[in-house]
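S.K.: Sharing a structure with you now.
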Amino acid sequence: RDPQGMGPVSARQPGGGFSLIDSIQIIDAISGQLVRAAPSCKAVYLDRVPAGFERPSFLIENIESEVREVNANTIERTERFVITAFGGVDSYGNTGARELMELQEQAARAFCAGYLRVADRALKLAAHNGARDMDKATIDVQLRYNESRPQDPQARPEPPLMAQVHTLIQEG
């Protein structure tokens, strides 16, 4: 996978559906967007930030994944992420409000198109500025997309077909 998460992935499955997208591909794509939108940032972290981490930087956390049935062959996935922007700090451990607002806005602007390219798909996206603290600010990102249900004959047997149909026609 390349750094922007746009590595070669075949999206079409043989049966005509789409390949499954995983959270790692989405995080890679989010990271790539952040790097392009905020070139002054020194790092994008996926794990809890270590002591003495580089600033300004971002932390991406996947806080919720939900799968909902749409029909027999399709599922809807919702992925929720929190992006934390860390600005440079002064001797008291605080970041200037202006710097935090700029980082937060740069991150939010990275997603203003309303979609995120992951592999060769465009996933519907909504981003909202979250809270600001003394040294960090958050951006909430939600992606919603449909996928073909994984086909495993043992896991989900084919439902039985209708055997008979009875009709009653009355005049009058």
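Taking my numbering, the leading residue of the sequence shown gets 218, the next gets one more, and so forth.
Where a beta carbon is used, it is the ideal one built from N, C-alpha and C, also for glycine.
If you follow the beta strand (DSSP E) that residue 274 is part of, which residue opens it and which one closes it?
M.R.: Taking the sequence shown and counting its residues from 1, one reaches residue 274 at position 57. First-last of the beta strand (DSSP E) with residue 274: 274 to 288.
S.K.: Considering Cα atoms alone, identify which of 269, 254, 271 and 282 is closest to residue 239.
M.R.: On the sequence shown, residue 239 is found 22 positions in, with the first residue counted as 1. The candidate whose alpha carbon is nearest that of residue 239 is 282.
S.K.: Going by other Cβ atoms of all chains shown within 10 Å of its Cβ, with 16 needed for buried, is residue 353 buried or exposed?
M.R.: For this step, residue 353 is matched to residue 136 along the sequence shown. Looking at its Cβ environment, which holds 16 or more other Cβ atoms inside 10 Å, residue 353 is buried.
S.K.: For residue 270 versus residue 258, is the C-beta distance shorter than 8 Å?
M.R.: Working through the sequence shown from its first residue, we reach residue 270 at position 53. Working through the sequence shown from its first residue, we reach residue 258 at position 41. Cβ distance not < 8 Å, so residue 270 and residue 258 don't count as in contact.
S.K.: Look up residue 244 in the DSSP assignment and say whether it is helix, strand or coil.
M.R.: Within the sequence shown, the letter at position 27 stands for residue 244. Correct three-state label for residue 244: helix.
S.K.: Under 8 Å: do the region 288 to 299 and the region 324 to 334 share three or more Cβ pairs, one atom per stretch?
M.R.: Verdict: no, contact absent.
S.K.: The alpha helix (DSSP H) that contains residue 321, what's its start and end?
M.R.: The residue given as residue 321 occupies position 104 in the sequence shown. 314 to 326 is the span of the alpha helix (DSSP H), which, as asked, contains residue 321.
S.K.: Quick test of your reading: residue 290 and residue 321, contact by CB under 8 Å. State the CB separation rounded to the nearest angstrom.
M.R.: Within the sequence shown, residue 290 is the residue found at index 73, counting from 1. Within the sequence shown, residue 321 is the residue found at index 104, counting from 1. With 8 Å as the limit, residue 290 and residue 321 do not qualify as a contact, their Cβ atoms being about 40 Å apart.
S.K.: Tell me the rounded alpha-carbon separation between residue 348 and residue 378.
M.R.: Start at 1 with the first residue of the sequence shown, and residue 348 comes out as number 131. Start at 1 with the first residue of the sequence shown, and residue 378 comes out as number 161. Distance between the alpha carbons of residue 348 and residue 378 is about 53 Å.
S.K.: Between residue 294 and residue 364, which are expected to be in contact by the criterion C-beta below 8 Å, what is the C-beta distance as a whole number of angstroms?
M.R.: Residue 294 sits at position 77 when you count from the first residue of the sequence shown. Residue 364 sits at position 147 when you count from the first residue of the sequence shown. About 6 Å; that satisfies the 8 Å criterion.
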